[in-house]
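According to the numbering used here, the stretch in the sequence shown is residues 1388 to 1748, in order. Each residue gets a CB set at the ideal place from its N, CA and C atoms; glycine is no exception. Treat the numbers as computed from the prediction; the structure is a model and nothing was measured.
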Amino acid sequence: MSALFEHLKSRIQNEGPLSLDAYMAEALSHPEHGYYWKGDPLGSAGDFVTAPEISQMFGELLGLWSVVCWRQLGAPATLNLIELGPGRGTLMADGMRAAGNVAAFYDALRVHLVETSPVLRKLQQAALAAIYRPIHWHDQVDQVPDGPFILLANEFLDALPIRQFVSTDGGWQERSIGLTIAGDALKWTSSALSAADGLYVPPALATGSENQIYEVCPAAHIIIREISRMIMKHKGVALFIDYGYAAQTGGDTFQAVADHQYADPLAHPGDADLTAHVDFEAVARLAGHAGVRVSGPVTQGTFLLNLGIGPRADTLMDAASSAQKRDIETALERLTGDDAMGGLFKVIALSHPDLPDPGGF
C-alpha cells in the first residue's frame, strides 16, 4: 500500500471515519504524498487534459476577453490579473500573448497566480518566462493585494473538496470513508449528521428516497463569498469555467481520473485526480446574495462561439497544413461541441452591479 494510504489508515484508526472533504484534501494536497504535489498531472502524458492544453484558441480568447473587461472597468492604470489553479500556466501564457498588442492593458498588469503545488508553480514560472510583467504566487485568493482585478478560474472549483450526505432509512447521514475489517483498504461508510450540518440538505430533499446523495462544497462557498466581497469593494470581474450543472437535484458526481481513465476514487489515494461537478446554482445564489451581478451560466460552447472562436479557427487554418487543419477542427469540436466539453462545461461571470454583462453571455 502507498505511504498516503498508511497515513489515512492511521488517521481513521485514531479519529474515526473521515468525511469526504477531509479525504479529498489529503489525497490531493498532502504536502508529501498529495496528487498535486507529486508531479505534473496535465496534458497527454498526465492524467487529464484541460481546455488550454487542447488549443491556444481558448487562452487567446480569454486574454482578449480580459482586455474588454479592463475597458469596462475604466481602463485602470494598475490591474491585478488573477488566475486560480493555473495548471501549467498555458492559459495565462496564451492570453497574454494575444493581449500583448494592447500596450496600455499589458503595462497595467500585475499577474497573481493562486497555486499551492510547488511542482505546478515551477511549470507556471517556465511557461510565463516571456511575460515581462510582475508575477506573484499566493496560496489563497485573499492574499492578493487590493485593487481593480480580473479573475480567471478554469477547472478550479471542481477540485475543491466536497461533502456528501446520503439518505438512509434512519434519515440523512454524512457519507464518509473508513477501513475494511482487514484494515487493508478504504471503504464507504456513513456517520451521524449534526443538526447544523443537516441544514445543508434542501427542504425539498428532506424526505428523499433511500440512498439518495446530496453534495455540497463548503470550500467553494468560502471562495465565492470572498471573491464577491472583492468585487463589491474593487469593481472586479471573475470568470469561472468548469463542468457542472445549472441546478442541483442530487446525485453522486464524485469521481477519480488516472491515466485518462475513470478509476475507483478510494483505491489509490494520491495517485488519481479527484473531482466533483460544480453546483453553479449555488455559485449564483451566493454571489447574488452579496449584491454581485451574475452572468450565466451558459455552456462553454455558447461562450466561446460568442467570443468568436469560429473566425479565430478559420484564421489559424488559413496558414495551416492539412494535418494542422484537422487538429484545429478537432480542437474546435472538443471545445464547443454539445457532446463534448462545449456542452458539459458551464461558464459563469461575477461582476460589480455597475458594470455591464461581460462578453460571451
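Residues in the same chain with beta-carbon distance under 6 Å from Y1410, minus the five sequence neighbours each way, listed in chain order, please. For the purposes of this step, residue 1410 is taken as the residue at position 23 of the sequence shown. Closer than 6 Å at Cβ, skipping near neighbours: I1564.
Cα separation between L1407 and D1533? Here residue 1407 corresponds to residue number 20 of the sequence shown, with the count starting at 1. Here residue 1533 corresponds to residue number 146 of the sequence shown, with the count starting at 1. Taking the straight line joining both Cα atoms gives about 34 Å.
Under the rule that 16 or more other beta-carbon atoms within 10 Å means buried, what is Y1422, buried or exposed? In the sequence shown, residue 1422 corresponds to position 35, counting from 1. When all chains shown are included, Y1422 counts as buried.
Within the segment 1627 to 1691, ranges of the beta strand (DSSP E) (whole runs, at least 3 residues): 1642 to 1645, 1648 to 1650, 1660 to 1662, 1680 to 1686
Take every Cβ of the segment 1458 to 1475, pair it with every Cβ of the segment 1535 to 1551, and state whether three or more of those distances are shorter than 8 Å. yes
Residues in its own chain within less than 7 Å of L1496 by CB, not counting five upstream and five downstream? Here residue 1496 corresponds to residue number 109 of the sequence shown, with the count starting at 1. The beta carbon of L1496 sits closer than 7 Å to those of L1466, L1468, R1520, all from its chain and outside the five residues before and after it, given in chain order.
Would you please verify whether the beta carbon of L1515 is less than 9 Å from any beta carbon of chain D? No chain D appears in the structure shown, which is made up of a single protein chain.
Quick check on the burial criterion: 16 or more other C-beta atoms within 10 angstroms. Buried or exposed for A1736? In the sequence shown, counting from the first residue as 1, residue 1736 sits at position 349. Buried is the call here.
Buried versus exposed call for G1697 [16 or more other C-beta atoms within 10 Å across all chains shown]: For the purposes of this step, residue 1697 is identified with residue 310 of the sequence shown, where counting begins at 1. Exposed is the call here.
Same chain only: Cβ atoms within 7 Å of I1610, ignoring 5 sequence neighbours per side: Within the sequence shown, residue 1610 is the residue found at index 223, counting from 1. Shown here for I1610: same chain residues with a beta carbon closer than 7 Å to its own, the five before and five after excluded, namely V1528 in chain order.
Can you look up T1576 in the DSSP assignment and give me helix, strand or coil? The residue labelled residue 1576 in the question sits at position 189 within the sequence shown. Three-state DSSP puts T1576 in a strand.
Leaving out five residues on either side along the sequence, give the residues of the same chain with a beta carbon under 7 Å from the beta carbon of N1598. Counting from 1 along the sequence shown, the entry for residue 1598 is found at position 211. Only V1553, S1554 meet the Cβ criterion.
P1404 to G1585, Cα distance in whole Å? The count along the sequence shown starts at 1 and reaches residue 1404 at position 17. The count along the sequence shown starts at 1 and reaches residue 1585 at position 198. Spanning the two alpha carbons is a distance of roughly 18 Å.
Between which two residues does the beta strand (DSSP E) harbouring A1540 extend? Translated into the one-based positions of the sequence shown, residue 1540 becomes position 153. It spans 1536 to 1541 - the beta strand (DSSP E) in which A1540 sits, taken as one unbroken run.
Residue nearest to D1494 in terms of C-alpha spacing, selected from L1478, D1526, V1454: Reading the sequence shown from its first residue, position 107 is the one you call residue 1494. Selected option, being the one with the closest Cα: V1454.
For the candidate residues A1546, M1483, A1462, whose alpha-carbon lies nearest to that of A1663? Taking the first residue of the sequence shown as 1, we reach residue 1663 at position 276. Considering only alpha carbons, the answer is A1546.
Under the assumption that L1391 contacts H1420 (Cβ atoms under 8 Å), give the Cβ distance between them as a whole number of angstroms. For the purposes of this step, residue 1391 is identified with residue 4 of the sequence shown, where counting begins at 1. For the purposes of this step, residue 1420 is identified with residue 33 of the sequence shown, where counting begins at 1. Their Cβ separation, rounded to whole angstroms, is 4 Å, which keeps L1391 and H1420 in contact under 8 Å.
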